[in-house]
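Residues in the sequence shown are numbered consecutively from 1, following my numbering.
We treat Cβ as the ideally placed atom computed from N, Cα and C, and that holds for glycine.
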Amino acid sequence: MNLNVDFCGIKFPNPTVLASGYLGVTGASMVNCVKNGCGGVTAKSLFMEERLGHPNPTVLTYPGGIINAIGLCGEGIKKAGHEFKIYAKKCPNNPLIGSVAGKNIKELIEVAEIMDTYPVDIIELNFSCPNVDDEMGRPIACDINTTFKATKAIRAVTKKPISVKLSPNVPNIGMIAKQAEEAGADAITAINTVGPGMLIDIYTRKPILANKVGGIGGMGIKPIAVRCVYDIYKNVSIPIIATGGISNGKDAIEMMMAGGTLLGIGSAIAYHDMKAFEMITNKIHEFMEEEGFDDIADLVGLAHHS
Ligand SMILES: Cc1cc2nc3c(=O)[nH]c(=O)nc-3n(C[C@H](O)[C@H](O)[C@H](O)COP(=O)(O)O)c2cc1C
Numbered sequence: 001m002n003l004n005v006d007f008c009g010i011k012f013p014n015p016t017v018l019a020s021g022y023l024g025v026t027g028a029s030m031v032n033c034v035k036n037g038c039g040g041v042t043a044k045s046l047f048m049e050e051r052l053g054h055p056n057p058t059v060l061t062y063p064g065g066i067i068n069a070i071g072l073c074g075e076g077i078k079k080a081g082h083e084f085k086i087y088a089k090k091c092p093n094n095p096l097i098g099s100v101a102g103k104n105i106k107e108l109i110e111v112a113e114i115m116d117t118y119p120v121d122i123i124e125l126n127f128s129c130p131n132v133d134d135e136m137g138r139p140i141a142c143d144i145n146t147t148f149k150a151t152k153a154i155r156a157v158t159k160k161p162i163s164v165k166l167s168p169n170v171p172n173i174g175m176i177a178k179q180a181e182e183a184g185a186d187a188i189t190a191i192n193t194v195g196p197g198m199l200i201d202i203y204t205r206k207p208i209l210a211n212k213v214g215g216i217g218g219m220g221i222k223p224i225a226v227r228c229v230y231d232i233y234k235n236v237s238i239p240i241i242a243t244g245g246i247s248n249g250k251d252a253i254e255m256m257m258a259g260g261t262l263l264g265i266g267s268a269i270a271y272h273d274m275k276a277f278e279m280i281t282n283k284i285h286e287f288m289e290e291e292g293f294d295d296i297a298d299l300v301g302l303a304h305h306s
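1) Could you tell me if the beta carbon of tyrosine 62 falls within a distance shorter than 8 angstroms of some heavy atom in ligand 1?
2) So is histidine 257 buried or exposed if we call it buried at 16+ other beta carbons inside 10 Å?
3) Can you tell me the Cα-Cα spacing of histidine 285 and asparagine 2, whole angstroms?
4) Pick out the complete beta strand (DSSP E) segments inside the region 183-252, 3 residues or longer, and give them in chain order.
5) Would you say leucine 199 touches ligand 1, meaning its beta carbon is less than 8 angstroms from a heavy atom?
6) Expressed to the nearest angstrom, what Euclidean distance is found between the alpha-carbon atoms of tyrosine 22 and glycine 292?
7) Which term fits aspartate 6, buried or exposed, when burial requires 16 or more other beta carbons within 10 angstroms of its beta carbon?
8) Along the chain, where does the beta strand (DSSP E) containing glutamate 83 start, and where does it finish?
9) For proline 168, collect the residues of the same chain with a Cβ closer than 6 angstroms to its Cβ; drop the 5 residues on either side in sequence, then sort them by chain order.
10) Please list, in chain order, all residues of the same chain as valine 213 whose beta carbon is under 6 angstroms from its beta carbon, the five residues on each side excluded.
11) Buried or exposed: where does alanine 28 fall if 16 or more other Cβ atoms within 10 Å of its Cβ makes it buried?
12) What is the DSSP secondary structure of threonine 158, counted as helix, strand or coil?
13) In terms of residues, what are the limits of the beta strand (DSSP E) holding phenylalanine 12?
Now the structure itself:
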C-alpha cells in the first residue's frame, strides 16, 4: 500500500504536514515532529525583522475551537536560516516548507528572496493571517487582484515551488485560488484561521485576548475548511495542502476526498499532542485497507466524482 505523496515533484513519506505556527520555530521542535511521524513540516511565518507579536493572553481554547492573536511574533528571516539548516540536516527525507510574511508586497518579496537561499523545499506565502493587516488594511488573500499581483511578484524571485496560503474569510476562495494559479503558484494551502472572533470574560466584562480579536482554528472550523478545499479543487489543477480543523484520521480522509493532497496538522496537536501525526496516518492506512485502496493518491478529490 502506498502512503507516499508526490507534491509538486517533492516526496513526502506520508500526507501529514505540521501547519505553520504550531511548533515550527526551532530546528529541534521540527525534528521532534518528524520523530513523531509527520511527513513534513511548515515553519512559523517569518517577516524581515524580529516581531514581538501581540501581548498576552494570545491563545485560548474553548469547546470546539482555538482562538489566537499571536500576531506572527518571530525572530525575523535573517536569523532563521540556522534553525532550517539543523532541520534539513537531520531530516533529509521529510520536506521543509518555509513560510513568508510581510507588511506589504515589497517586504514579502525580500523575505522570499532570502527564504529561497535556505534549505527549504517549498515556500509558502502567508497572505492570510487575520490578525496582521497588509498595506491595504486587510490580508492580501482577501483581495483577488492583490493575490495575483503578490503571487506574480514572488514567482519572479524564486524557482522553488510556491504555495499560496488562502483565507476562508472571503465569498469566493475558489476564484482567488485560480488567480494565484494563473500568477504562477504551484500549490495552494487552505485554510488559515477563520474570523476574527472574540471571547468575553463575563466577570471582568472585557474581551479575554489582549488584542481583543483573534483567528479561529480547531475542530469547529472543519466544515468551513472542507468546503473551501472542495471549492479550490474545483477551480484549479494545482495540488492543495488541506488545513483547518483536522482533529483525527476521519477528518483527514474527508479533507483528502474534498481535494487535499497533503494535510496541514495544527489543532490535532493541541487535542492529541505529538501522537496526532501517527494516529492520523494509521487511520488513513486502516481505512485504505478496509475500503480496498492501494494508493493514497486515489483518495484525493473523490467527493467530486459522486
Ligand atoms: C497559535 C497559532 C499560530 C499560528 N501561526 C501561523 C503562522 O505563523 N502562519 C500561518 O500561515 N498560519 C498560522 N496559523 C494558522 C494555522 O497554520 C492553520 O492554518 C489554522 O490554525 C487552521 O488549522 P487548525 O484548525 O488545524 O489549527 C496559526 C494558528 C494558531 C492556532
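So, from the data block:
1) no
2) Residue identity differs from the one stated: residue 257 is methionine in this sequence, not histidine. Buried, because 16 or more other Cβ atoms sit within 10 Å of the Cβ of methionine 257.
3) If you draw a straight line from the Cα of histidine 285 to the Cα of asparagine 2, it comes to about 9 angstroms.
4) 187-190, 194-197, 214-217 and 240-243
5) Leucine 199: no, Cβ never under 8 angstroms from ligand 1.
6) 34 angstroms
7) Classification of aspartate 6: exposed, given that the 10 Å Cβ count is below 16.
8) From DSSP, glutamate 83 is part of no beta strand (DSSP E) but of the alpha helix (DSSP H) over 77-90.
9) Ile191, Val194, Ile224 and Cys228
10) Pro196 and Met198
11) Alanine 28 sits exposed, since fewer than 16 C-beta atoms from the chains shown fall within 10 Å of its C-beta.
12) Coil at threonine 158, not helix or strand.
13) Segment 10-12, the beta strand (DSSP E) holding phenylalanine 12.
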